[in-house]
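Right, one structure below, let's go through it.
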Amino acid sequence: MTTLETPDQPITRSGYVAIIGRPNVGKSTLLNRLVKAKVSITSGKPQTTRHRILGLQEAHGTQFAFIDTPGYQTKQTGALNKVLNRTVRQVLPDADVIVLVCETHQWTKGDDELLTLLPTNKPVVLALNKVDEHKNLAVQMQMAAAVSAKFAFSEVMPISGEKGQGVDALMQTLAKYLPEGGRLYEADQLSDRGDKFLAAEVIREKLFRLTGDELPYTSTVVIEDYVEEGRLKKIRATILVQRDAHKAMILGAEGAKIKRIASESRVDLEKMFDCKVYLEVWIKVKSGWADSEASLRAYGYE
Ligand code: GDP
Ligand code: MG
């Protein structure tokens, strides 16, 4: 993993910033921008983020511990969504400040639902995201006013997690709300997840990005073998799906799709780990893996 630059300012504040919001508003993209590295996977599909992901960064004399969360689901039910929503709720009590991310051009019922989860005894900053795509200032102001009437946000800030607009201003604002104190984590630490977890996540990202809509909900990635030999990592991964038909979709014609998933994953992993990666990806049908909380726990969903 890459290490962070040595900070030029002593650390006098530190704390946890929870990033929450409905699916697809850009939480994980924002986290990666905030920590200047890829620690959380992103795609245009809901349920991409399935775990609580910690990303660390130091700036403005502050060590930020950002926590990315799964998108809060209001429509879908089922064991996986139950577990994902619980992850969101569990993060809130530990946070010193909360960033609620929404899209600047539309406020939905799902956003309203999130307001009911927010604590009233800690600062909540509303980030109006994707201003690069939806540039109309009048719409942004209208949105800020309308939403401010619904909840007493500490601040409302327009940002673009993808392009970086307003992100440093957001950090500067968040720093004010974090308690005084020294580092909570090592200075050069980037995340609390190991390389094996990251490897599985990167493969899942490619799977999400390269397949149609019905697949993501029914698939996950398990690392079967992870061996380091000097400057080479040998990784064997399995994509678990619920049905034979799903397996065929991931394989693609003459195995073209799985090859692409594997090769795009390998390129990303070599960049992230700064070493050579030998990657094998297999597909296994295992019906019901996501149907019960017990089997979800077995696959690493807390
Ligand atoms: P999450 O589900 O909230 O974590 O959202 P992701 O970070 O996975 O992003 C969802 C989709 O929104 C992806 O297709 C991103 O490329 C896109 N996106 C995220 N942030 C921005 C942004 O600032 N501007 C634009 N135009 N798109 C964004
Ligand atoms: Mg996400």
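Here the working numbering = 1-based position in the sequence shown + 123. Every residue, glycine too, gets a C-beta built ideally from N, C-alpha and C.
query                                                                                                                           : result
Given residue 344 as reference, the closest of 223, 320 and 269 once Cα atoms are compared                                      : 320
Where the alpha helix (DSSP H) through residue 210 begins and ends                                                              : 202-214
beta-carbon residue 233 near the ligand GDP non-hydrogen atom, thresh 7 Å                                                       : no
CA nearest to the CA of residue 185, picked from 306, 365, 200 and 313                                                          : 306
Heavy atom of the ligand MG within 7 Å of residue 283 beta-carbon                                                               : no
Beta carbon shell of the ligand MG at less than 7 Å from a heavy atom                                                           : 150, 151, 163, 165, 171, 172, 191, 193 and 194
Cutoff 6 Å; reference residue 327; Cβ partners in own chain excluding five residues on either side                              : 344
Rounded Cβ spacing between residue 252 and residue 231 (contact assumed at less than 8 Å)                                       : Their Cβ separation, rounded to whole angstroms, is 13 Å, which puts residue 252 and residue 231 out of contact at 8 Å.
Closest by C-alpha distance to residue 314, when choosing among 298, 149, 155 and 323                                           : 155
Straight-line Cα distance separating residue 331 from residue 166                                                               : 7 Å
Delimiting residues of the alpha helix (DSSP H) encompassing residue 148                                                        : Taken as a continuous stretch (DSSP letters only), residue 148 belongs to no alpha helix (DSSP H), as it is neither H nor E.
Given 8 Å, three or more beta-carbon pairs between the region 135-143 and the region 275-284                                    : no
Inter-residue CB distance, residue 364 and residue 388 (contact presumed, cutoff 8 Å)                                           : Not quite, the Cβ-Cβ distance comes to about 17 Å (not below 8 Å), so this is no contact.
Coarse secondary structure for residue 273, derived from DSSP in three states                                                   : coil
First through last residue of the alpha helix (DSSP H) which encompasses residue 367                                            : 367-374
DSSP bridge partner residues for residue 260 (one or two, in chain order)                                                       : Note: residue 260 sits in no beta bridge, so no partner.
Outcome for residue 405 when other beta-carbon atoms lying within 10 angstroms are tallied against a minimum of 16              : exposed
Cut-off 7 Å between Cβ atoms - residues of its own chain near residue 162, not counting five sequence neighbours on either side : 154, 155, 176, 178, 313 and 314
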